[in-house]
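Following UniProt numbering, the numbering of the sequence shown begins with 1 at its first residue and continues without gaps.
Glycine included, every Cβ here is placed at the ideal spot set by N, Cα and C.
Everything below concerns the one structure shown next.
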Amino acid sequence: MSNKSQSQMASPTPSPSPSTASKFRVANQRKRCLYTSSLRAATRRKKSRNNSLHDLPEEILKIIISRLTLKDAARMSTLSSMWKTLWNSHSNLSFHAAMVTHSNSKGDGMDSQEKKFIDIVDTVLRNHDGTYLDQFEVAFELREKHACSLDSWIGFAVSSKASEIVLDLDPRSPRTAEDAYDFPFHLFQSENGIQSVWVKCVSLKPPRDFYGFTKLTKFTIRSVHIMEDIGNLLSNCCALRWLHIICCNFGKLKLHGTFYRLQHLCVIYSELQAIELHAIGLETFKYVGQPLPIVFYGSPKLKIADIKLCPYYYFGYVCSELSTALPCLEELYMDVRLKAEVRDYAISKVKFNYLRYVNCTVIIRGHPKYTGGILELASIVKAAPVLEKLDLHMDSSMYPHYICKAIGNPSPSPHNHLKIVRATGFFGLEGQIELALYILENARLLQSMTIDLLALRQSRRSREEANKSIDAQICREIVHEFLGLEKYRGVLTIL
């Protein structure tokens with residue numbers, strides 16, 4: 001090898017040009033900038049995740065806590081000391097039997113459960129700051145022997161300005177008045193913010209001079225023992241708007257004075273002798289129970305009534321009693337039973353001059369050979385001259401095995417407002433056919449009449465399966481024979 005070649009091989013690699021070095025430096029700077037900015041962004045995101053809730057105002061955090069159940073709020077208290085402080089100001093305290101029954105061992109008896117439940121409530125209230133409560137609820141089987149604890153809890157709720165108190169002491173076995181917890185009216189004598197009270201299975205002994213419910217707007221009593229005249233108590237609830245009385249027995253519900261703000265009255269399965277009140281602002285009335293005298297003095301805003309009678313054979317009573325007591329009704333919901341062979345001609349005197357909608361559920365009893373009493377349902381149409389819509393849900397164990405004669409033309413009684421009729425449970429009984437013909441012939445503005453052979457309770461069954469029965473086929477043949485006429489097409493629909 002020549003000296004020239006050796007000198008070329010030994011010579012060093014030439015250094016990069018100034019322009020190439022500059023490009024390397026710029027690229028490295030960009031990488032460092034990108035890394036730094038990414039690191040800063042990740043740090044910001046991490047801080048945001050860690051501090052987003054903590055950065056919120058305390059008032060907002062309290063609202064968040066109040067939306068949680070008491071159990072979930074207690075779990076949140078483990079996140080930080082701040083959340084622990086917020087949990088102690090939870091505004092909705094709801095104590096249920098599930099707090100002890102789910103964690104209870106099989107060997108624990110009722111006394112052990114009671115002790116556990118009382119200890120839980122005492123512990124929570126002991127750690128609560130007591131500054132403000134929205135709702136306070138106790139739902140557990142307690143009685144008069146636990147009065148010391150119950151009085152303490154309710155006293156805490158009142159002093160914490162609770163707006164709603166729920167006391168559900170539903171027992172597993174019947175309870176006497178002596179064993180039931182006496183509701184502590186004495187704790188409400190001072191100024192308080194109670195707006196809603198819901199009590200069950202307690203004893204009510206209100207003093208005659210009680211004025212502790214001046215701000216109460218909603219009062220629900222269920223299965224309570226009433227030892228004094230409840231009328232005096234209610235008459236002093238000047239802000240009351242909702243009154244619900246369920247499964248209570250106290251004679252006559254007679255409210256003295258004028259209830260300007262009472263809007264909704266609900267009486268269910270309560271053994272009363274009469275209902276009598278003066279409520280100018282009353283808008284809705286619901287009653288479930290035995291027939292009884294109903295007297296409302298001046299309730300011009302009462303537009304909606306829901307009536308279910310037990311025993312049921314009082315269709316005429318519903319019409320006659322309500323037309324007198326509630327002359328301004330616009331919507332009527334009824335649940336009654338009807339004796340198919342009995343006609344009540346006294347209903348012809350009934351008038352509902354403002355009634356626009358009727359929803360009637362009727363159980364038909366009797367012999368399928370005598371069903372003329374079903375036509376009694378037409379009296380609702382006659383009694384309501386401005387009726388626009390009728391929903392009629394019938395049910396019966398009878399089927400039309402007796403069609404003894406041709407059905408004649410219905411008596412003329414023109415109606416100028418009825419537009420929509422829906423009838424379910426149309427079994428093709430003679431009385432039902434007569435009722436349908438009466439409506440079709442007399443409702444001059446009728447736009448739609450739908451007849452469904454299935455009863456409302458049968459709606460879950462497939463229509464194809466139900467229609468396969470022999471009885472259903474007989475019903476359909478009868479309905480089409482008497483109602484499937486050309487002149488009713490376009491108005492009548494048979495399902």
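Q) Got a sec? Which residues, its chain only, sit under 7 Å from residue 496 by beta carbon, not counting five neighbours each side? A) Coverage of the chain is limited to positions 1 through 495, which leaves residue 496 absent and any answer about it impossible.
Q) Using CA coordinates, which residue listed in 193, 198, 224, 200 is at the minimum distance from residue 211? A) 193
Q: Check whether the Cβ atoms of residue 276 and residue 263 lie closer than 8 Å to each other.
A: no
Q: Taking the CB atoms as reference points, tell me whether residue 261 and residue 231 lie closer together than 8 Å.
A: no
(Q) Please state the DSSP three-state secondary structure of residue 92. (A) It is a strand residue.
Q: Spatial neighbours of residue 380 within its chain, please: CB distance less than 6 Å, with the 5 preceding and 5 following residues excluded, ordered by chain position.
A: By the criterion of a C-beta distance shorter than 6 Å, residue 380 is surrounded in its chain by 358, once the five residues flanking it on both sides are discounted.
Q: Name the residue from 132, 413, 112 whose alpha carbon lies nearest to the alpha carbon of residue 385.
A: 413
Q | Environment of residue 186 [buried if 16+ CB atoms lie within 10 Å] | A | exposed
Q: Flag this pair as touching only if the region 242-249 and the region 289-298 have three or more C-beta atom pairs under 8 Å; answer yes or no.
A: no
Q. Just how far apart, CA to CA, sit residue 335 and residue 393?
A. Rounded to the nearest whole angstrom, the CA to CA distance from residue 335 to residue 393 is 9 Å.
**Q.** Nearest-angstrom Cα separation, counted from residue 199 out to residue 238
**A.** 19 Å
Q) Smallest Cα separation from residue 226: which of 453, 213, 253? A) Ranking the options by Cα distance to residue 226, first place goes to 253.
**Q.** residue 299, DSSP secondary structure in three states
**A.** coil
Q) Candidates 142, 156, 116, 354: which alpha carbon is nearest residue 562's? A) One cannot answer for residue 562 here, as it falls past the ends of the chain, which runs 1 to 495.
Q) Which of helix, strand or coil does DSSP assign to residue 149? A) Residue state, collapsed to three classes: helix.
Q.
DSSP three-state label for residue 354, please.
A. coil
Q: With DSSP as the reference, label residue 286 as helix, strand or coil.
A: strand
Q. With distances taken between CB atoms, is the gap from residue 451 to residue 478 smaller than 8 Å?
A. no
**Q.** Residue burial classification, residue 206 (beta-carbon count within 10 angstroms, cutoff 16)
**A.** buried
Q. Between residue 135 and the rest of its own chain, which residues show a CB-CB distance below 6 Å, the 5 nearest in sequence each way excluded?
A. 92, 164
Q.
Less than 6 Å between C-beta atoms, sequence neighbours within five positions excluded: which residues of the same chain meet that for residue 251?
A. 273
Q | Nearest to residue 330 (by Cα), restricted to the options 219, 387, 265 | A | 387
Q | Beta-carbon proximity check, residue 390 vs residue 421, cutoff 8 Å | A | yes
**Q.** Reference residue 424; option with closest CA among 446, 475, 445
**A.** 475
Q: Tell me whether residue 301 is buried or exposed, calling it buried when 16 or more other Cβ atoms sit within 10 Å of its Cβ.
A: Under this definition residue 301 is an exposed residue.
**Q.** C-alpha gap between residue 287 and residue 129, whole angstroms
**A.** 43 Å
Q. Using a Cβ-Cβ cut-off of 7 Å (strictly less than) and excluding sequence neighbours within five positions of residue 202, which residues of its own chain qualify?
A. 167, 169, 180, 181, 183, 224
Q) Leaving out the 5 sequence neighbours to the left and right, which residues in its chain are closer than 6 Å to residue 149 when beta-carbon positions are compared? A) 118
Q. So, using beta-carbon positions, are residue 153 and residue 197 closer together than 8 Å?
A. no
(Q) Going by C-alpha to C-alpha distance, which of 215, 176, 289, 426 sits closest to residue 190? (A) 215
Q) Among residues of its own chain, excluding the 5 on either side of residue 125, which ones have a beta-carbon nearer than 6 Å to its beta-carbon? A) Listed in chain order, the non-local C-beta contacts of residue 125 below 6 Å within the same chain comprise 156, local neighbours out to five positions each way being set aside.
Q. When you compare each of 438, 233, 116 to residue 209 by their alpha carbons, which one comes out closest?
A. 233
(Q) Mapping the DSSP letters down to three states, classify residue 209 as helix, strand or coil. (A) coil
Q) Where DSSP assigns a beta bridge to residue 201, which residues make up the other side? A) For residue 201, which the question treats as bridged, DSSP gives no partner whatsoever.
Q: Check the DSSP bridge columns for residue 452 and list the partner residues they point to.
A: Beta bridge pairing from DSSP links residue 452 with 424.
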